[in-house]
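Going by full-length UniProt numbering, the residue at position 154 of the sequence shown is 154; the numbering climbs one at a time, nothing skipped.
Please read the structure below before turning to the comments.
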Amino acid sequence: MAGQDIVRYWNDLYFAEPDNLQLLWVVAAVFMLGIFVWLLKLWHKPARTPGSRYPLLGTMKFWFALTVSLFLCIIAYAQPFIAKGSVVIKRGNVEVAFIVDYSASMFLKDTGLARIDIAGREIMKTVTSEIIKKGDRAAVFIFGKIASPRIYLTRDLNGFATEADKIGRPKTLLFNDLYWGSAIGTTFRRVYQALDRQDMIAELGKESESWRPRFRRDRVVFILSDGDFFNYGDNEETKLRAESEIKNLNDALVEFRKRGLPVYAVGIGTRSGAQLIDIFQDYKRDDEYDPVLEEELKEQFSRLNVSNLNILAAATGGRVFTIEHSNDDAGGFIKSALDRHRSTFVEPVAEQEKQELWSYALLTALAVFLGGMAITKF
Numbered sequence: 001m002a003g004q005d006i007v008r009y010w011n012d013l014y015f016a017e018p019d020n021l022q023l024l025w026v027v028a029a030v031f032m033l034g035i036f037v038w039l040l041k042l043w044h045k046p047a048r049t050p051g052s053r054y055p056l057l058g059t060m061k062f063w064f065a066l067t068v069s070l071f072l073c074i075i076a077y078a079q080p081f082i083a084k085g086s087v088v089i090k091r092g093n094v095e096v097a098f099i100v101d102y103s104a105s106m107f108l109k110d111t112g113l114a115r116i117d118i119a120g121r122e123i124m125k126t127v128t129s130e131i132i133k134k135g136d137r138a139a140v141f142i143f144g145k146i147a148s149p150r151i152y153l154t155r156d157l158n159g160f161a162t163e164a165d166k167i168g169r170p171k172t173l174l175f176n177d178l179y180w181g182s183a184i185g186t187t188f189r190r191v192y193q194a195l196d197r198q199d200m201i202a203e204l205g206k207e208s209e210s211w212r213p214r215f216r217r218d219r220v221v222f223i224l225s226d227g228d229f230f231n232y233g234d235n236e237e238t239k240l241r242a243e244s245e246i247k248n249l250n251d252a253l254v255e256f257r258k259r260g261l262p263v264y265a266v267g268i269g270t271r272s273g274a275q276l277i278d279i280f281q282d283y284k285r286d287d288e289y290d291p292v293l294e295e296e297l298k299e300q301f302s303r304l305n306v307s308n309l310n311i312l313a314a315a316t317g318g319r320v321f322t323i324e325h326s327n328d329d330a331g332g333f334i335k336s337a338l339d340r341h342r343s344t345f346v347e348p349v350a351e352q353e354k355q356e357l358w359s360y361a362l363l364t365a366l367a368v369f370l371g372g373m374a375i376t377k378f
C-alpha cells in the first residue's frame, strides 16, 4: 500500500521552475569529489594497530551530509509542488535575429535554387509554420559590404514576414555595389551594437554611456550564408581587407559571448560549388549587369564553406546545419535551437489543489546539515 502511495505522489509531483534542476550536476560533481577524497584517505591510512580506531567514514560523514543538503536546496530552488489534477507545461518567449548573407556568391543556383532565395524561404517558414510564436520577437539583418537592418526586433510577426518575403535575388545587378563582398566582421559588430541600442532605449528610454548590456539566455542569432566570407582575391590590398575582417570578427564574437548570444548557422550551397560568373546567366548583359564584371569575376569560385560557419558556432555555443539541395529543410533545426533557449515552467490548472513542497525540502536540508555536524563530532 505504501508503495502505491509513493507512486501516486510521485506522479503528482511537478516543479514550477524545472530549468533550475540543471544545477544538480553540481551535486554530482561534489559527490564524486567526496568519493575520490574518501578512497584516497582509505588508501593512505596507517596500518591498523592494537587498540586503534579507524572509522569507515570519519570526517567524510559531514561532507556527504553537505552533499545531501545541497541536493535538497536545489530541489527547493526548483519549487516542487504536488498538484492533483491536470497541469499545463508552458514555454517562455524567445528573441531571434536572422543575419542574411547578401553577397554575390549567394545568388548562385548550385543547390537548384538561388542560395539567397532559400535563405528567404527558410525565414518565412519560421512564421508560417509557427516556429516563431506569438509573443516572440524577431529581427532581420542583411549584409554584403555593410550590414543593414531590414527590421529590428519586433513582436509584429506580420511586419517581420513582410520584410522576410522581400529577401531574394535582385532584379538588376546594376549600381548594386553592396552585393559584391561580405564584411562578416563588420556585420557582427553592427548586429550586437544594434541590439544593444534597442535594449538600452527600451530600458532607459534614452542613450547612456553608463549603460551596460546584460547576459541573456532567451536570445538567439541565426546566420544564413554559404560561409564564403573571405574570398577577396590574392592581391595585397584584398589580403589586408581579409585580415582586418578576421580581426573584426574575432572581436565581435567576444562581445557575442559576453551577451550570451549563440550563433546558429544555416549553411546554404554545395561543397562542389560554382563559378561566380554563373550568376549572370539569369541577367541581361548591359541592361541588368555591367559586362566589366564578367572579366572581374571569371576566375572566382564559391563553394559552401562549413569550416567558417563552424568557427562562428563553436565560438558562441551554437550549431551548424547545411542545405545542399533545394528541397532540404532547416525548420526542425531552427525550432530545436529556439526551444533550447525558451524557459520552461509548469502551471496547474486554475482552482485545482496545489501543495507547495519547497519549504519541506529546505527544512530537511537544514536538518541533514546539522545532523552531519553533530555526528562528525562523535
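Backbone N, C-alpha and C fix where the C-beta goes; we use that ideal spot for every residue, glycine too.
Values in this document were obtained by computation on a predicted structure and should not be read as measured data.
In this structure E122 is buried. Its beta-carbon is surrounded by 16 or more other beta-carbon atoms within 10 angstroms. Between F160 and F64, the alpha-carbon positions lie close to 54 angstroms from each other.
H341 sits buried, since 16 or more C-beta atoms from the chains shown fall within 10 Å of its C-beta.
Taking a 10 Å sphere around the C-beta of E95, we find 16 or more other C-beta atoms and assign the residue as buried.
Proximity to L312 across D328, V27, Y264, E295 peaks at Y264, based on C-alpha coordinates. In this structure, Y192 sits near A252, with a CB-CB distance shorter than 8 angstroms. Closest option to Q300, judged by alpha-carbon separation, among F143, G205, Q275, D218: Q275. Nearest Cα to L293 within the set F280, R303, N305: F280. Boundaries of the alpha helix (DSSP H) harbouring I334: 331-340, taken from the DSSP string. Shown here, P80 sits in a strand according to DSSP, grouped into three states. Sixteen is the threshold: since fewer than 16 other Cβ atoms of the shown chains lie within 10 Å of the Cβ of N327, the residue is exposed. In the structure shown, G92 falls within a coil segment according to DSSP collapsed to helix, strand and coil.
Across the set E17, A104, K258, A16, the C-alpha of A104 shows the shortest separation from the C-alpha of R169.
If you compare the alpha carbons of F333, D290, I268 with that of S307, the shortest gap goes to I268. Ranking L195, V254, A361, M373 by CA distance to the CA of I74 puts A361 first. In the structure shown, the three-state DSSP call for F107 is helix. In this structure, L261 and R219 form a Cβ contact; the two beta carbons are roughly 6 angstroms apart against a cut-off of 8 angstroms. A164 and T154 do not touch by the CB rule: their CB atoms are close to 12 angstroms apart, not below 8 angstroms. The three-state secondary structure of G159, taken from DSSP, is helix. By the Cβ neighbour-count rule, W25 is exposed, with fewer than 16 other Cβ atoms within 10 Å of its own.
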